[in-house]
Structures are given as C-alpha cells and as structure tokens.
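Colleague:
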Amino acid sequence: MSQPSQHLSAAHFAPFLHAFRRHSPLVHCMTNEVVQNFTANVLLALNASPAMVIDAGEAAEFSRFADALLINVGTLTRERQQAMQAAVTAAREAGTPWTLDPVAVGALTLRSDFCQQLLSQEPAVIRGNASEILALAKQASGGRGVDTLHQADAALDAARQLATTWRTLVIVSGEVDYATDGTRIVALRGGSPLMTRVVGTGCALSAVVAGFSSLPGDRLLNVAAACQVMSSAGERAASQAAAPGSFATAFVDALWTLEAQHETH
Amino acid sequence: MSQPSQHLSAAHFAPFLHAFRRHSPLVHCMTNEVVQNFTANVLLALNASPAMVIDAGEAAEFSRFADALLINVGTLTRERQQAMQAAVTAAREAGTPWTLDPVAVGALTLRSDFCQQLLSQEPAVIRGNASEILALAKQASGGRGVDTLHQADAALDAARQLATTWRTLVIVSGEVDYATDGTRIVALRGGSPLMTRVVGTGCALSAVVAGFSSLPGDRLLNVAAACQVMSSAGERAASQAAAPGSFATAFVDALWTLEAQHETH
Amino acid sequence: MSQPSQHLSAAHFAPFLHAFRRHSPLVHCMTNEVVQNFTANVLLALNASPAMVIDAGEAAEFSRFADALLINVGTLTRERQQAMQAAVTAAREAGTPWTLDPVAVGALTLRSDFCQQLLSQEPAVIRGNASEILALAKQASGGRGVDTLHQADAALDAARQLATTWRTLVIVSGEVDYATDGTRIVALRGGSPLMTRVVGTGCALSAVVAGFSSLPGDRLLNVAAACQVMSSAGERAASQAAAPGSFATAFVDALWTLEAQHETH
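Chains as they are written, first to last, in the numbering used here: chain B, 119 to 383; chain W, 119 to 383; chain Z, 119 to 383.
As structure tokens, this is what we get:
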C-alpha cells in the first residue's frame, strides 16, 4: 500500500490560510441543492466570495471571471448536467481551475456516466470519500449513496492511479484525509466525528479546496491546507459543542476565528 | 367526532427511538427546495442517513435500495413531479415504504392533482396539517398555502376516512398530533409554538416519519413515535431557547441528545 | 449629488414593525436556491408567512392571493424566468405589489435582459446594492457577481432616475441604505459588517421589503422601516456574537425580540 510522504500539521497551514483570506477567491459553486447555503457560509467565513450561478449560458459566462469552479453532482439533473458541462468548457478555455466532487458516484447511472466524462476534462482537483474514489477508478461499485463504506486508506492506491492517469490531484476524505498528485502523498489528521452529522461538511470542503486550488504556489500543498483548515475548525468546534446543531454554528465561527492572530485585515 | 383510542407519552417512545438509531434508515427525500438542508440535518441528528436524489432515472434507481422514500410537494414543478412519480413506482416495485407530505394541497392546482393521483399508489403514510388532510379528503378547499386554518381534531374524521379508503396511515399535525390507521387513533401532545416559527419542522417530521415507517413492528406505533420524538425535541429546545434562531439550533441538538441514556452506540 | 431629505432613526420604526407583525403578510418568495431557507426563517421571525411556490401555473395562482411577491434572480434559469414572469403578470392583474431583487444584474446576460424587461412591469420596489442599481440604470457594467464595487451613495442618482422613470421605489443597500421615490430620499444608518459574512442577508431584506410594501400607509416609509428593522437586528446580533455562525443565529433571534415590548401578541 502507498505510504504518505508528508504530514501537514496544524502549525503549517497558517500561511496558506492567510494567503487564502488575502486573495479572497471568487468561487463559482455549481453544487447540490442541499448544501448551497452552508457552502456559501463556509466560504464567507473564510473571507472568500461564493457565487452560485446555474443557467448554462450564465454559468459559462461566470466561469470565465471566477477564480475557481466547483462541480458537485449531488443533486444532478440532465439540465444541471448541461449547465455544468458548459461551465467546465468555459473554465478550461479561460484557465480557471475546476474541482470535481463526485457525490455518490458508482451508485447511480447519470452521475456515474457524467463523472467518467469529466475525468478527461482536466479537473484541477477531485475530492471524494473512499467509496467515491474507488468507484471513480472503477475499483468498486460505490456505496448506498453519500456514505462511504471504506476507510480512506483503502482508496489510496485508486487515488494515486486517478491522479497519475488524469494528471490531477486527488483528495480522499475520511478520519485521515489524503491528498496526492500520484507521486507525493500528504496525510492530514484531525477533524471530529460530529462533522459527519452535519450535512455538507464534505461538500463545503470541496468548495474550499476549489478556492485554495486558485492560489499561487504548490497546488498539492494548497489543497492539503484546505483539508487541514476544515479539520482544525472541526476540532475547535468539537471542543465547544457536543451536539450537531450547535456544532455547525461553532464550526462556521471557528473558520472565522482560526489563526486570526496571523491576520492583519 | 372520533375519539383517540391510545395516548403515547414521552415514556413510551424511548425504545422506538433506540430502534431507529440502531437501524439508521437510509431515507430518500424528494422534498422541497426550502427545507432540504434542515431535513438532512434532522435525520443526521437522529443517526439516520438522508439522501436527496432528484433526477427521474436516478430517483428510481435509488428508491430501490433506500429504506424509505419521502414525497413532499412543497416546491413542485412538472419536471420534479415526473421524477417523484418514477421514484414512487420504483419504490412500490421494491417494497420500499413511501410517505406523502401534501404541502398546501387544495390551494394550488398542479400539486392538488398530483396528490390525488398519488393516493391510489399505496402510500405507507400521509402526514399533513388539518387543512391539508381536509383538502386531500375533498372536505375543504385548502388554506392560503402552508399554514393551516383548522385545528387538528377538525380533520380527524377526514384522516380516518383517508386511512380507510386508501389503506394507509394518516398523521394530522397540530397542537395535538393524531395518527390513525382508520380504526385506531393515537393522540400525541407536546411540542412548542416556536416550532411554527422555524421553517421545515413539519416537512422534517415527514422525513422522520418516513424513516420510522421502515422499522419492523406495528407501523402505526412506529410513526406515532416519530411525532413524539419531534415534539419532545421541541419541548426540550423551548426550555433552552426563547427565539427561533437559537431554538432551531437547540432543536437539532435535542434530537441528538434525546434519551441518550438509553443508547449504547 | 442628491441629498437625503429624511433620516429614519431606530425610534421611528417601532410602529411599522408593530403593524407588520399584526398584518403578518403572506409573502410569495420566488428567490434563489441559496437563500430560500434563511429568507423563510427571517420572515417567520417577524411573524410573517413565507411561501415559496415556483411552478409557472402555481406561481400565477399563488400571486393572486399572496399579500406581496418577491422576484430575486440570483439563481435564474430559463424555466424559472418563465415562472417568475407568470407570477408578475398575475400579481399585476390582482394588484399584488411585487419587489425586484436584481442580484448580479449587469454581470450576466440572462438576468440582465430579464431585469430590463421587468422594469416596465410596475415593480412596487427595487432593492439592490450600488453596483446592481448602477447596472440596472445602465450607468455601469456590474460587479463580478453578488459583491458591490461601489458605495451606496455612488448609486443614489441612478436610484432616483430609476424611481422617476419607472414610477417605483428604489432601495440602495450598503453601509448606509437609501430609499427613494425619485423625489424624497430616506437615509438609514446601522447594521453590522458581519451581515456581509452571512449569505442571504440582502436577499432576505428584499423579502422583508416586499412584505412591508403591502402595508397600508406611505410605502416609502414602510420599506424604509424594513431596512431599519434589518439593520437594527444586525446591530443587536453584533453585540452578542463576534463570528458569522453565531451571528446568523443571533440575527434571527433579534428579529423575533426586536421592540418586543411594543407587541401585544
């Protein structure tokens, strides 16, 4: 099995977070209906600028001047698929990096076919749980939906293969998160089990990853820092709240206050 | 007027809640755009697994392996109606119980026609407020939308008639909730007026009812327990919060902690 | 540059808020997917009755018995545009006042064309940020999306021109909010910078404005009071919370408790 070559600790992400807040990326989120509000609030709490534009024509226009594009297939429809495709095509023409969140790929036909089509369209990053990454690499048939049936490390070889084949970065989320470019592997520990009891923490991570992918510098380290920021906020929230309602509030607050001593804005 | 034959008190729902958390039903929610996030968080706080799949083809696929299906017509469109119909057909073929939440039926044409069509398609449960149940039974023309103009007990005879005619269970929500199979009537007291000041508490109840309908045992008692769980969470939240923003947070927290002493997970 | 002719202070809005809560307007919100839940909860916390009806046929039916209609183009699609047009037509026939929130107008083609078409259809109120009002008046090309690039006072002349040309009221939101009928200008101070870190505060303001536009009396003062209510809630929330997650909760709570001593319900 692949072994992580690097560990990123909490001490390392502060400069990345500082850069993210300073750049305040405009993130075009084409994401599922369930998590749009939470995703926007997570990005706002990190001083980024979210925008959800979904008509095919407008999405293509918008992808050209956004800093990053997120494609999340959680509530895919044929109409939404066409709009996402238009946005990806425009993003590639404009050089806007785009991130794929293949929610429940493998389990359902429309999204599985679409995600396979998207692989060859130069995603900057793919972020999923172990079942999704295994299904995307055609090494498993997918879970019963959004929940993973596998531990993250079980998908590490599939992640490396996807990254190498499609020349992209792959993040496998779980108790430990892994980020890989096919050669290097960064392992990220932390987070809280309560994150799995608030809908959209994974989807919002993908939006934050999309934003970090637009920063200058080593993209693998940038997106790994995105995972660490979210995990650290989860840990801080778990130290303040013991149930998912108040945890969700504390999580957004933690994104705002995290390492605030490093900020000058 | 019909008289309740049974009262379920807070002391009675603990074993039902325990079974629900242990089974962790996968609930396929085809619900309105306004409440998808809250509905998912309510189910997650009860240790269930929510999934919102909305494309017609995918919804049919998903209904086959979900434990329960919810159809809520709150933001119905013709496209969404087709997807819901496909899901209901697939659910019936697979034996997946499905629950109908006829939001604002009677007041608006598209949803009124669709709900009447759905009645003959073997819903396991119908959950609405008094105006909706009266409109569904064609005993009233419906309210001005989502708000009820009637007390729950005014709809009790309509509920019994619907349950008998369509061999289903009917829940009428209000200050007192009633659940009936046409013969037996369970009355459930409790809750808080603040629940009417947070959007989606009724819609989320229908999702929880759908989940409880998939448990083994007496379905009438199972879905009555769902009402009692939500009412008890509302009471607990009202003891901790006096305004709707903090009440909503406390409500989700209460679902997580309710009778936690009975849990071993 | 135009000068405000009136200032409305916190002491002035209490009777307006009292009237709003007493009338409890039924507000038909055709708004973007991101903010539907928050918008509904804001209206509920002010004792109004929100309803999101989106099918073209149902939206036309519903606009006839709603007290007010909101059109927000934030996640416009061609299908949603048709439904909005049907609702506006029905609202005009029924005399239901309707409010336009031209989110990101100028930056994107579909919504820009639609908003220009809507100008001649007798909106009761238009509510936007400075960039949106300038773009609507064709005095600027719009921002990069939802964020304004201009201070509110920079759009004051554009607001007066729009109000005069289309015989409507225009609200320009910013650190200072302005409401004008083309002749009179009301300036409203207050609010909190944290309001810009919670998605939907502007969109929810438009929904509240729509509700206030349905009250008897001087419509300019009514909608100005709507701005003052939201700003005052923002100030109160900022005195209780220092980060956006808990701020959002406190904001909804503040709407519920604001000037509660004046209420008898």
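Even glycine gets a Cβ: it sits at the ideal position worked out from N, Cα and C. Predicted, not measured: the structure shown is a model, and the values here were computed from it.
I think residue 362 of chain Z touches residue 159 of chain B, with their Cβ atoms under 8 Å apart; what is that distance to the nearest whole Å?
Modeller: Yes, they are in contact, since the Cβ atoms of residue 362 of chain Z and residue 159 of chain B sit about 7 Å apart, within 8 Å.
Colleague: Straight-line CA distance for residue 139 of chain Z to residue 164 of chain Z?
Modeller: Their backbone Cα atoms lie some 6 Å apart in a straight line.
Colleague: Please confirm whether residue 316 of chain W has its beta-carbon closer than 8 Å to some beta-carbon of chain Z.
Modeller: Yes, residue 316 of chain W counts as interfacial toward chain Z.
Colleague: Can you tell me where the beta strand (DSSP E) holding residue 372 of chain B begins and where it ends?
Modeller: Where residue 372 of chain B is concerned, there is no enclosing beta strand (DSSP E), although the alpha helix (DSSP H) it sits in stretches over 362-375.
Colleague: How about residue 291 of chain B and residue 186 of chain B: do their beta carbons lie closer than 8 Å?
Modeller: No, the Cβ-Cβ distance between residue 291 of chain B and residue 186 of chain B is not below 8 Å.
Colleague: Per DSSP, what kind of secondary structure is residue 190 of chain W in: helix, strand or coil?
Modeller: In this structure, residue 190 of chain W counts as strand in the three-state DSSP scheme.
Colleague: Check whether chain B comes within 8 Å of residue 231 of chain Z, counting only Cβ atoms and requiring the distance to be less than that.
Modeller: No, residue 231 of chain Z lies away from the interface with chain B (no Cβ there is under 8 Å from its Cβ).
Colleague: Below 8 Å on C-beta distance, what does residue 170 of chain Z contact in chain W?
Modeller: Within 8 Å Cβ-Cβ: 150, 151, 152, 192 and 193.
Colleague: Measuring straight from C-alpha to C-alpha, what distance separates residue 309 of chain W and residue 353 of chain W?
Modeller: Residue 309 of chain W and residue 353 of chain W: Cα-Cα distance of roughly 5 Å.
Colleague: Using only alpha-carbon positions, find the residue among B/348, B/197 and B/360 that is nearest to residue 375 of chain B.
Modeller: Among B/348, B/197 and B/360, the Cα nearest to that of residue 375 of chain B belongs to B/348.
Colleague: State whether the stretch 237-250 of chain Z contacts the stretch 273-289 of chain Z, with contact taken as three or more CB pairs (one from each stretch) at a distance under 8 Å.
Modeller: Short answer: they touch.
Colleague: Roughly how many whole angstroms lie between the Cα atoms of residue 391 of chain W and residue 369 of chain Z?
Modeller: An answer regarding residue 391 of chain W cannot be provided, because it is not within the stretch 119 to 383 covered by chain W.
Colleague: Suppose contacts are defined by Cβ-Cβ distances below 8 Å. Is residue 307 of chain Z in contact with residue 294 of chain Z by that definition?
Modeller: It is a contact, given that the beta carbons lie within the stated cut-off.
Colleague: At the level of alpha carbons, what is the spacing between residue 311 of chain W and residue 134 of chain B?
Modeller: Near 46 Å, if we compare the C-alpha coordinates of residue 134 of chain B and residue 311 of chain W.
Colleague: Apart from the five residues just before and just after residue 233 of chain B, which ones in its own chain have a Cβ nearer than 8 Å to its Cβ?
Modeller: 191, 218, 220, 223 and 254.
Colleague: Mind pulling the chain W residues with CB within less than 7 Å of residue 158 of chain Z?
Modeller: The answer, in chain order, is 152 and 317.
Colleague: Have a look at Z/229, Z/172 and Z/365 and flag the residue whose alpha-carbon is nearest the alpha-carbon of residue 199 of chain W.
Modeller: The candidate whose alpha carbon is nearest that of residue 199 of chain W is Z/172.
Colleague: Closer than 7 Å between beta carbons: that is the criterion. Which residues of the stretch 186-215 of chain Z meet it against chain W?
Modeller: Per Cβ criterion, the list is empty.
Colleague: Measure the CB-CB distance between residue 276 of chain W and residue 257 of chain W and report whether it falls below 8 Å.
Modeller: The answer is yes: Cβ separation under 8 Å.
Colleague: What would DSSP say about residue 306 of chain Z, mapped onto helix, strand or coil?
Modeller: The answer is strand: DSSP assigns residue 306 of chain Z an E or B state.
Colleague: Step through the CB atoms of chain Z and report whether any lies within less than 8 Å of the CB of residue 333 of chain B.
Modeller: No, residue 333 of chain B does not count as interfacial toward chain Z.
Colleague: Spatial neighbours of residue 322 of chain B within its chain, please: CB distance less than 7 Å, with the 5 preceding and 5 following residues excluded, ordered by chain position.
Modeller: The answer, listed in chain order, is 153, 156, 157 and 160.
Colleague: Please list the terminal residues of the continuous beta strand (DSSP E) segment that includes residue 291 of chain B.
Modeller: Here the beta strand (DSSP E) through residue 291 of chain B covers 287-291.
Colleague: Assuming contact is defined by CB atoms lying nearer than 8 Å, are residue 178 of chain B and residue 205 of chain B in contact in what I supplied?
Modeller: In this structure, residue 205 of chain B lies closer than 8 Å to residue 178 of chain B by Cβ.
Colleague: Check whether chain B comes within 8 Å of residue 176 of chain W, counting only Cβ atoms and requiring the distance to be less than that.
Modeller: Closer than 8 Å: yes.
Colleague: Return no unless some Cβ of chain B is closer than 8 Å to the Cβ of residue 162 of chain Z.
Modeller: Answer no: the Cβ-Cβ gap between residue 162 of chain Z and chain B never drops below 8 Å.
Colleague: Can you tell me which of B/149, B/162 and B/339 puts its alpha carbon nearest to the alpha carbon of residue 201 of chain B?
Modeller: Taking only the C-alpha atoms, the option nearest residue 201 of chain B is B/149.
Colleague: Would you kindly check if the distance between the Cβ of residue 365 of chain Z and the Cβ of residue 344 of chain Z is under 8 Å?
Modeller: Going by C-beta atoms, residue 344 of chain Z is not nearer than 8 Å to residue 365 of chain Z.
Colleague: Beta carbon of residue 151 of chain B, beta carbon of residue 207 of chain B: below 8 Å?
Modeller: Contact flag unset, no.
Colleague: Closest to residue 298 of chain Z by C-alpha separation, out of Z/273, Z/176, Z/314 and Z/360, would be which residue?
Modeller: Here the closest residue by C-alpha is Z/273.
Colleague: Among Z/271, Z/371, Z/166 and Z/175, which residue has its Cα nearest to the Cα of residue 351 of chain Z?
Modeller: Checked all of Z/271, Z/371, Z/166 and Z/175; the closest Cα to residue 351 of chain Z is Z/371.
Colleague: Should residue 214 of chain Z and residue 175 of chain B be called a contact, given that it needs their Cβ atoms to be closer than 8 Å?
Modeller: No, the pair does not count as a contact, with Cβ atoms beyond the cut-off.
Colleague: Does any CB atom of chain W fall closer than 8 Å to the CB of residue 247 of chain Z?
Modeller: No, its Cβ sits nowhere closer than 8 Å to a Cβ of chain W.
Colleague: With 16 other CB atoms within 10 Å as the buried threshold, where does residue 318 of chain Z fall?
Modeller: Residue 318 of chain Z should be labelled buried.
Colleague: For chain W, check one thing: does any of its Cβ atoms lie closer than 8 Å to the Cβ of residue 373 of chain B?
Modeller: Chain W, which has no Cβ nearer than 8 Å to the Cβ of residue 373 of chain B, makes this no.
Colleague: Use the C-beta contact count for residue 335 of chain W: other C-beta atoms within 10 angstroms, 16 or more gives buried, fewer gives exposed.
Modeller: By the 10 Å Cβ count, residue 335 of chain W comes out exposed.
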